[in-house]
Every structure is written in C-alpha cells, then in structure tokens.
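A.B. asks: First the structure, which I've put down as structure tokens, then a few questions once you've had a look.
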Amino acid sequence: MRRGEGGYTYLMVLFLVAGVGLLMAGIGQTWQARAQREKEAELLAVGVEMARALRHYHDASPEAAKTWPPDLAVLLEDRRFPEPMRHLRRIYRDPMTGTTEWGLEREEGRIVGIHSLSDKRPFRRANLPAELGEQAAEAKTVREWVFRPSAGTGAPVPPTNALAPDVLSARGARPGVFAHDD
Numbered sequence: 001m002r003r004g005e006g007g008y009t010y011l012m013v014l015f016l017v018a019g020v021g022l023l024m025a026g027i028g029q030t031w032q033a034r035a036q037r038e039k040e041a042e043l044l045a046v047g048v049e050m051a052r053a054l055r056h057y058h059d060a061s062p063e064a065a066k067t068w069p070p071d072l073a074v075l076l077e078d079r080r081f082p083e084p085m086r087h088l089r090r091i092y093r094d095p096m097t098g099t100t101e102w103g104l105e106r107e108e109g110r111i112v113g114i115h116s117l118s119d120k121r122p123f124r125r126a127n128l129p130a131e132l133g134e135q136a137a138e139a140k141t142v143r144e145w146v147f148r149p150s151a152g153t154g155a156p157v158p159p160t161n162a163l164a165p166d167v168l169s170a171r172g173a174r175p176g177v178f179a180h181d182d
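Given below as structure tokens:
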C-alpha cells in the first residue's frame, strides 16, 4: 500500500457509520411520534369510557340525591342499590403513563372528571370528544385534557372554581380488585 492511501477506506466507513446513525435517529423520532399518537387515541377512548361511567353513576342516583362517585372503585361495584350496579368493568390503565393512577377533578369531594398524569405535549388538536370540552384544543400537555361526563344534551359538565385535582392509585383504593393491567 502506498503512503497516503490507507486512510481513505477508514474515512468512508466513518461517514457510512455517521450516515446510518442519522438515519436511525430519524426513524426513532418517527416511531416515537407514531407511538405517542397511538397512545393518545387510546387515552381518548379510555377517557370517554370513564367519563361515561361517571355520567352513568350520576344518572343512576335517585332523583332527589343526584351525586357523583367518591372514588373510582365504586364505579366497579356500586352498592347503593339492593342489586350492585357496575358502571365500569375495570379501572383502565392510563396509556400515557402505563399505570392505573389518574388525576381526579373533584367538586365537594366527589369525582367530576379525570385526566392523565402525563406531561407530554399532545399531537391531536382537532376532532376531540365532547367530554374534553372546547379548551382541550389549546392544551399544552395531555394532563390538561380533563374528561368530564357529558350532560344529557351532549354538552360537557362545566368546570367550576371548586375543582381540585387529586391523584388516586386504583391499586391502593381496594386491594385485590385491580389484579392486573391490560
């Protein structure tokens, strides 16, 4: 080998490795964005389902004493009646955090809305469900997407100044009820 020709192959391999690294970084970002969009879609479905369970609990209350649930566990087995009612099959895991912990919006100690505990920025800004209300399009984080039960007309229950966020670990609420996360 002549003097001065030995570094050419090394330089080409170095550029090739750098190019493959940049390509993989781009693919990783695209994959991560796609995964978050899928999690957001799942969060919307789960949030709407849980908001409907809150509405069902409220609507099942006797006319004179319409009330919201004190915790998420009563949505699984509502013992206010001779025959227990199930407003929700299970407490769903938050797709954004992977846990069954949810942020709770309360009014007078009762749950009137739920939200994710994730601080990720949402991709979706349009075609959001009514349970999120109009302010959800401007949310800076997914945590600001508060799912509230829709009123009978389809309009979400308006938030009040009395709302205070709370966090409930569904696992700690009733031992043995939440044996697994699906």
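The sequence shown lines up with residues 1 to 182 when you count with the UniProt record's numbering. Positions of the beta carbon are idealized from the N, C-alpha and C atoms, including for glycine. From a predicted model like this one, the values you see are computed outputs, not experimental measurements.
Report the three-state DSSP secondary structure of Arg55 (helix, strand or coil).
C.D. replies: Reduced to three states, the DSSP call for Arg55 is helix.
A.B. asks: Only counting the same chain, and skipping five residues up and downstream in sequence, which positions put a Cβ closer than 6 Å to that of Tyr92?
C.D. replies: Excluding residues within five positions, the ones whose Cβ falls inside 6 Å are Val46.
A.B. asks: Between the stretch 137-145 and the stretch 54-70, can you find at least three pairs of beta-carbon atoms closer than 8 Å?
C.D. replies: As far as the Cβ criterion goes, the stretch 54-70 does not touch the stretch 137-145, which means the pair count is below three.
A.B. asks: Write down the C-beta distance between Lys120 and Gln36 rounded to the nearest angstrom, noting that I regard them as a contact closer than 8 Å.
C.D. replies: About 6 Å; that satisfies the 8 Å criterion.
A.B. asks: Report back the beta-carbon spacing between Ser116 and Gly133 to the nearest angstrom; my notes put them in contact at under 8 Å.
C.D. replies: Between Gly133 and Ser116 the Cβ distance is about 15 Å, and since that is not below 8 Å, they are no contact.
A.B. asks: I'd like the ranges of any beta strand (DSSP E) spanning at least 3 consecutive residues and lying wholly in the stretch 107-140.
C.D. replies: Whole beta strand (DSSP E) segments, 3+ residues: 110-115.
A.B. asks: Between the alpha carbons of Ala41 and Leu23, how many angstroms are there, rounded?
C.D. replies: Whole-angstrom Cα-Cα distance: 27 Å.
A.B. asks: Give every residue of the same chain whose Cβ lies closer than 7 Å to the Cβ of Lys66, excluding the five residues on either side of it in the sequence, and list them in chain order.
C.D. replies: Only His58 meet the Cβ criterion.
A.B. asks: Per DSSP, what kind of secondary structure is Phe147 in: helix, strand or coil?
C.D. replies: Strand, per DSSP.
A.B. asks: If we call anything under 8 Å between Cβ atoms a contact, is Ala53 one with Leu88?
C.D. replies: Yes, Cβ-Cβ distance for Ala53 and Leu88 is below 8 Å.
A.B. asks: Measure the Cβ-Cβ separation of Met50 and Phe123 and say whether it is below 8 Å.
C.D. replies: No. Outside cutoff.
A.B. asks: Pull up the distance between the alpha-carbon of Leu128 and that of Arg143, whole angstroms please.
C.D. replies: C-alpha separation (whole angstroms): 15 Å.
A.B. asks: Looking only at C-alpha atoms, which of Arg80, Ala64 and Glu63 sits nearest to Pro70?
C.D. replies: Ranking the options by Cα distance to Pro70, first place goes to Arg80.
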